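K.L.:
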Amino acid sequence: MGAYIVRRLLFIGPTLFVIMLLNFTIVQFAPGGPVEQTIAQIKGMQSGAAARTAGSAAGRETGGAGGGGRASASTSDYRGAAGLSPTMIAEIERRYGFDKPASRRFIDMMKSYLTFDFGESLFKGEPVSTLIRKRLPVSISLGLWTTLLVYSISIPLGITKAVRDGSRFDVSTSAIIIGLYAIPGFLFAVLLIILFAGGQYWNIFPLKGLVSSGWGAMPWPQKILDYFWHITLPVTALVIGEFAGLTMLTKNSFLDEINKDYVRTARSKGLTERAVLYGHVFRNAMLIVIANLPAAFIGIFLTSSLLIEVIFSIEGLGLLGFDAIVNRDYPIVFATMFIYSLVGLVLTLVTDLTYVLVDPRIDFETRGT
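First residue of the sequence shown: 3, per my numbering; consecutive thereafter.
This is how it looks when you write it as structure tokens:
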């Protein structure tokens, strides 16, 4: 198993390189980069100043032509750069690092990433590593608690539904699960705010952030209570939106194993249902459920938590990455992409190790990476 782990760890580097290269190449063709945004801001300020000057001049009947000659158009390829001097355009490019060829920028970026140096945000004025260090624990906190609760609810419920397949309990819970699955998690978040966060009914839970102001000065017991007080509604919204699919996956996986010949053989030997279920069926049926763990965590960590972070005003990594994409803050965009890809690859390796823990008969040493 050790050789397999080493191979997988060595495989992470080339995979990250390819992921970053593909996304870097795509971004080069996306319009509205930081240079274009800065040019637009400068043009906007110039237009505003010109409008104010024209307004004051119109109030004075001087009868003259007014003003100097029109600035010559820039030879730059940037849209909206007309009227700006080539020197100003070059300075803007140098400021954002666009004075270098794209290939050179990518190589420099990947060299920095080897030491987790993500540069400085183009618009926030802080090192990207500092911003990620502030936001990452928040997103991990949401993702871990949600994943833990989703699996803690879905696996026992799915097993119970499989054992009692076709019963009134199975039918009624399936109807509830399908109904919950059809409603996006962010709608549950809005409903929870209306009901429990002072929307229209009870004002029980806070609406903003994961901790109260002055949290650092609280004693530890109060810190813990305050943290769970803030996290209750966001995590509840995420759990409601995520547990339905895993519950049905668990049920169907156990049903498939329960109907196999080896289960009938175990029962014919006089084993109890509990011994058959947890001694034989469990480790086989759980393989597909475990295989879904990385995708489930990444889905919660990135896509699902993003909307929850927006709704509950939680300063997490998902919201940071979204704002960076909107503002074309490329150092943050590529840094968050690097973090998400690295976490996903590491979780894939963890999943393989969990396979062996659940079923020791699996041997990855005899297989390729």
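Virtual Cβ for every residue (Gly too), placed ideally from N, Cα, C.
Quick caveat: nothing in here was measured; it's all calculated off a predicted structure.
Apart from the five residues on each side of it in sequence, which residues of its chain come closer than 7 Å, Cβ to Cβ, to W217?
P.N.:
Numbered from 1 along the sequence shown, position 215 holds the residue referred to as residue 217. Cβ neighbours of W217 beyond the five flanking positions: K225, D228.
K.L.:
Roughly how many angstroms separate the alpha carbons of G187 and R137, rounded to a whole number?
P.N.:
Translated into positions along the sequence shown, residue 187 becomes position 185. Translated into positions along the sequence shown, residue 137 becomes position 135. G187 and R137: Cα-Cα distance of roughly 22 Å.
K.L.:
From L344 to Y203, what distance separates their C-alpha atoms?
P.N.:
Working through the sequence shown from its first residue, we reach residue 344 at position 342. Working through the sequence shown from its first residue, we reach residue 203 at position 201. Near 43 Å, if we compare the C-alpha coordinates of Y203 and L344.
K.L.:
Where does Y264 land, buried or exposed, given buried means 16+ other C-beta within 10 angstroms?
P.N.:
As a first step, residue 264 must be located in the sequence shown, where it is residue number 262. Exposed, by the Cβ-count rule.
K.L.:
Give the secondary structure of P139 by DSSP, where H, G and I count as helix, E and B as strand, and everything else as coil.
P.N.:
Here the question's residue 139 lines up with position 137 in the sequence shown. Three-state DSSP puts P139 in a helix.
K.L.:
For S74, which residues in the same chain have their Cβ closer than 7 Å to its Cβ, ignoring the five residues on either side in sequence?
P.N.:
Indexing the sequence shown from 1 puts residue 74 at position 72. Low local confidence applies: a pLDDT of 37 at S74 is under 50, so the model's placement there is unreliable, with the coordinate-based value given in what follows. Around S74: no qualifying Cβ.
K.L.:
Looking only at its chain, what residues have a beta carbon closer than 6 Å to the beta carbon of M22, apart from the 5 residues adjacent to it on each side?
P.N.:
As a working mapping, residue 22 is identified with position 20 in the sequence shown. Cβ within range, chain order: n/a, list empty.
K.L.:
Could you please give me the residues that DSSP links to N205 through a beta bridge?
P.N.:
Translated into positions along the sequence shown, residue 205 becomes position 203. Answer by DSSP bridge pairing, in chain order: A199.
K.L.:
Do three or more CB pairs link the stretch 100–114 to the stretch 14–30 at distances below 8 Å?
P.N.:
Yes: at least three Cβ pairs fall under 8 Å.
K.L.:
Quick check: is the beta carbon of T274 nearer than 7 Å to any beta carbon in chain C?
P.N.:
Of the chains in the structure shown, none is chain C; there is only one protein chain.
K.L.:
Examine the Cβ distances between the stretch 328–335 and the stretch 305–315 and report whether three or more of them are shorter than 8 Å.
P.N.:
The stretch 328–335, when compared against the stretch 305–315, does not touch it at the 8 Å Cβ threshold.
K.L.:
Specify the secondary structure class of P236 as computed by DSSP and reduced to three states.
P.N.:
If you number the sequence shown from 1, residue 236 lands on position 234. Reduced to three states, the DSSP call for P236 is helix.
K.L.:
Between the stretch 250–268 and the stretch 147–165, are three or more C-beta pairs nearer than 8 Å?
P.N.:
Yes, the stretch 250–268 touches the stretch 147–165.
K.L.:
In chain order, what residues of the same chain lie with their CB nearer than 8 Å to the CB of S131, ignoring the 5 residues before and after it?
P.N.:
Position 129 of the sequence shown, counted from the start, is the residue given in the question as residue 131. Cβ within range, chain order: F118, D119, F120, A337.
K.L.:
Is G318 near S123, with beta carbons less than 7 Å apart?
P.N.:
Stepping through the sequence shown from its first residue, residue 318 is reached at position 316. Stepping through the sequence shown from its first residue, residue 123 is reached at position 121. No.
K.L.:
Got a sec, what are the start and stop residues for the alpha helix (DSSP H) M288 sits in?
P.N.:
On the sequence shown, residue 288 is found 286 positions in, with the first residue counted as 1. M288 -> alpha helix (DSSP H) spans 284–293.
K.L.:
Count the other C-beta atoms from every protein chain shown that fall within 10 angstroms of the C-beta of I334, then say buried if there are 16 or more, exposed otherwise.
P.N.:
Within the sequence shown, numbered from 1, the residue matching residue 334 stands at position 332. With 16 or more other Cβ atoms within 10 Å, it is buried.
K.L.:
Taking DSSP's pairing of strands, which residues face E122 in a bridge?
P.N.:
As a working note, residue 122 is residue 120 in the sequence shown. According to DSSP, E122 bridges with P129.
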